[in-house]
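2 protein chains.
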Amino acid sequence: MTRSVRTITPETTGGTVARLFAEHNIGSAVVVSSEVGNPIGIVTQSDIMQQVAAKADLNTVRVDSFMSTPLITITSTEDIYTAATLMKDRSLRRLPVIDEGNLIGILTTSDLTDYLPRLRNTISRRRNELVNY
Amino acid sequence: MTRSVRTITPETTGGTVARLFAEHNIGSAVVVSSEVGNPIGIVTQSDIMQQVAAKADLNTVRVDSFMSTPLITITSTEDIYTAATLMKDRSLRRLPVIDEGNLIGILTTSDLTDYLPRLRNTISRRRNELVNY
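Top to bottom, those sequences are chains A and B. 1094 is the number of the first residue of the first sequence in the numbering used here; add one for each residue after it. 1094 is the number of the first residue of the second sequence in the numbering used here; add one for each residue after it.
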């Protein structure tokens, strides 16, 4: 997972989020409540795209008017296959990782893709073990 | 891979692409030359985000002014680990699949994530083979 997660408040405008995405080369930000700071939703590049397509004024439209909520999350102890299945079933590209109410990271399809070459090594090693048995 | 790939010409405006992305819920489009129709570049949601952040006029800015080119591609006979390694090394989320000059699909990190649960089955099966040897 990616440990640095950008968080924003519900009052943030679409334009501010778009600049945040562009500057940091990221695809999503988790929306946290202004009061307690707990995660309540997520905004992705696709959500911004919808606002652009609808010709919304990005300088005034607030993220709480178009964020995805409630948040679908996963805990850090789940394995990558469970995460992949959840992302596939719910058509998600990002999964905030939350342990005991605390946002500790975000898992993206890029993170899982980066992990794939290691699985080849696992499969190859197991095959070797079989051959050498 | 995803077989339906959206293609656009270099003259297409950023606004048109944003609406294409939003309407079809896609994250990229391959740019093909107006004359021959061969793939010359790619435009992603991140590219549009950069234009929005730079306050470009999406109604007039053409994709050939900000598309990624030359195109990094893969052939359909490569395995998923090679694709994953290429995407990781080049920080790509989409890889057009081209066979003999023809664009036949696009491979995304979501496609690879969707494939992950199948690998669990492969690994489990191999493990069982080992046990039963």
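All residues carry an ideal CB built from backbone N, CA and C; glycine is no exception.
If you look at G1194 (chain A), you'll find it isn't in any alpha helix (DSSP H); DSSP assigns it neither H nor E.
For the pair of segments examined, the region 1158–1168 of chain B was found not to touch the region 1138–1146 of chain A: the number of CB pairs separated by less than 8 angstroms stays below three.
Taken through DSSP and simplified to helix, strand or coil, L1179 (chain A) comes out as helix. Sixteen is the threshold: since fewer than 16 other Cβ atoms of the shown chains lie within 10 Å of the Cβ of S1158 (chain B), the residue is exposed. Cβ proximity to chain B below 8 angstroms picks out F1114, A1115, E1116, N1118 and G1120 from the region 1114–1137 of chain A. Between S1121 (chain B) and T1137 (chain B) a beta carbon distance of about 4 angstroms is seen, short of the 8 angstroms cut, so the two are scored as contacting. L1209 (chain A) is positioned such that its CB atom lies no closer than 8 angstroms to that of I1199 (chain A). Look at the beta carbons and you see the region 1181–1196 of chain A touching the region 1165–1172 of chain A: at least three pairs across the two are nearer than 8 angstroms. Using a 10 angstroms sphere on the CB of S1184 (chain B), the tally of other CB atoms stays under 16, which defines it as exposed. For V1129 (chain A), the number of other beta carbons within 10 angstroms of its own is below 16, and it is reported as exposed.
Nearest CB-CB separation between V1145 (chain B) and chain A: below the 8 angstroms threshold. Closest option to I1119 (chain B), judged by alpha-carbon separation, among A:D1150, A:M1094, A:R1096 and A:D1140: A:D1140. P1210 (chain B) belongs to the set of residues whose beta carbon lies under 8 angstroms from a beta carbon in chain A.
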